[in-house]
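Using my numbering, you'd call the opening residue of the sequence shown number 132 and step up by one each time.
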Amino acid sequence: MSYECHGHIILSGRDFTNAIRQHQSGVLTAVIDSRLAQYARAGVTFFRDGGDNMGACVYAKRAAPAYGIDYRTPCFAIHKAGCYGKALGRAFSDPGEFRALVDEAADAGADFIKLMVTGIMDFHTYGVLTPGALTMEELVFCVDYCHGLGLRVMAHCNGAEHIKNALASGCDSLEHGYYIDEEGIRLLAETGAVWVPTVTPVANLLGNSTFSDAILERIVRGHYDALHRAHDLGCLVACGSDAGSGSVFPDTCTAQELDYLTNHTPYTAEDLQRGALAVADRFCRK
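Here you go:
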């Protein structure tokens, strides 16, 4: 049994733009079925999707049982207008729009809500993120509204201060979590949130000349160091590769993430299974 706790069924690991564009006139079910079959052949029996705005993951939820996969979806990610998340999500500009998006996702069968708290890393400059992030006030409102409907919150988040805000506001999982600091790790332990550190998308960039290896190595090394400290404090960590993102291929990515984590951190396969079981238990409609 293999758990993929952060993936995107709409993506192939290759051409990001085309992977999304091909579904613009409707979900190409044969493509999604083929991808589900890839994951099944790789031994994946649990898949938590990060959402898309084309309906691919909604179809995949219906189709996945035929492939022996327990599939969970937020239907689409939700991001603040003007901030990161447009490619795979839907935007809100005010509380009313946020509530409407959550209600729409819930009506469409979402198992949880995916909230885009920050942007992504700027791989040209260590420690820098792309612009835009939710404020603490916005986070508290968003998380409280989701929890009031019985929906857990999967938080895409990087950057020390943003991570602390996300955890303090009650987000149920931390996705990526790059540049987390000691206080953030302590909050992880105190809140019991599950960390899905997605090492693979960054580690797989090493050596391909896209970005400076020196910067990439520093990012990955810092992530491993943080995971050592998280293990010391008993934090729950789950294996999720960001499946389908650039150079993260469906047939190998889940095993790759497991290898990265077990070979470079104190987390064992058994530890990671405990984290995955927590994800499976929590990120479903109650």
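Note that beta-carbon positions come from the ideal geometry of N, C-alpha and C, so glycine has one too.
Reduced DSSP secondary structure (H/G/I, E/B, other) of residue i
i: residue 356; result: helix
i: residue 223; result: strand
i: residue 190; result: helix
i: residue 161; result: helix
i: residue 210; result: strand
i: residue 362; result: helix
i: residue 408; result: helix
i: residue 315; result: helix
i: residue 324; result: coil
i: residue 369; result: coil
i: residue 150; result: helix
i: residue 136; result: strand
i: residue 384; result: helix
i: residue 333; result: helix
i: residue 397; result: coil
i: residue 379; result: coil
i: residue 155; result: coil
i: residue 391; result: helix
i: residue 170; result: helix
i: residue 198; result: helix
i: residue 218; result: coil
i: residue 145; result: coil
i: residue 413; result: helix
Beta-carbon gap between residue i and residue j smaller than 9 Å
i: residue 403; j: residue 366; result: no
i: residue 166; j: residue 377; result: no
i: residue 163; j: residue 151; result: no
i: residue 417; j: residue 281; result: yes
i: residue 406; j: residue 351; result: no
i: residue 158; j: residue 240; result: no
i: residue 267; j: residue 261; result: no
i: residue 225; j: residue 207; result: no
i: residue 297; j: residue 314; result: no
i: residue 411; j: residue 203; result: yes
i: residue 283; j: residue 300; result: no
i: residue 288; j: residue 269; result: no
i: residue 181; j: residue 139; result: yes
i: residue 247; j: residue 295; result: no
i: residue 333; j: residue 359; result: no
Given residue i as reference, the closest of the options once Cα atoms are compared
i: residue 173; options: 138, 408, 385; result: 385
i: residue 254; options: 225, 175, 348; result: 348
i: residue 277; options: 309, 345, 242, 171; result: 242
i: residue 134; options: 169, 240, 176; result: 176
i: residue 178; options: 168, 185, 184; result: 168
i: residue 217; options: 321, 185, 293; result: 185
i: residue 265; options: 279, 215, 220, 355; result: 215
i: residue 137; options: 415, 220, 351, 285; result: 285
i: residue 323; options: 196, 413, 207; result: 413
i: residue 415; options: 148, 259, 143, 201; result: 201
i: residue 357; options: 208, 331, 332, 310; result: 310
i: residue 391; options: 316, 328, 279, 154; result: 328
i: residue 321; options: 364, 335, 339, 336; result: 364
i: residue 256; options: 342, 379, 195; result: 342
i: residue 160; options: 145, 149, 187, 147; result: 187
Beta-bridge partners of residue i, as assigned by DSSP
i: residue 267; result: None; residue 267 has no bridge partner.
i: residue 203; result: 179
i: residue 374; result: 138
Residue-level contact to chain B via CB, residue i, 9 Å cutoff
i: residue 387; result: Protein chains in the displayed structure number just one, and chain B is not present.
- Message: Suppose only complete runs of 3+ residues qualify. What are the beta strand (DSSP E) ranges in the segment 220-307, listed by chain order?
- Response: 220-223, 244-247, 284-288, 304-307
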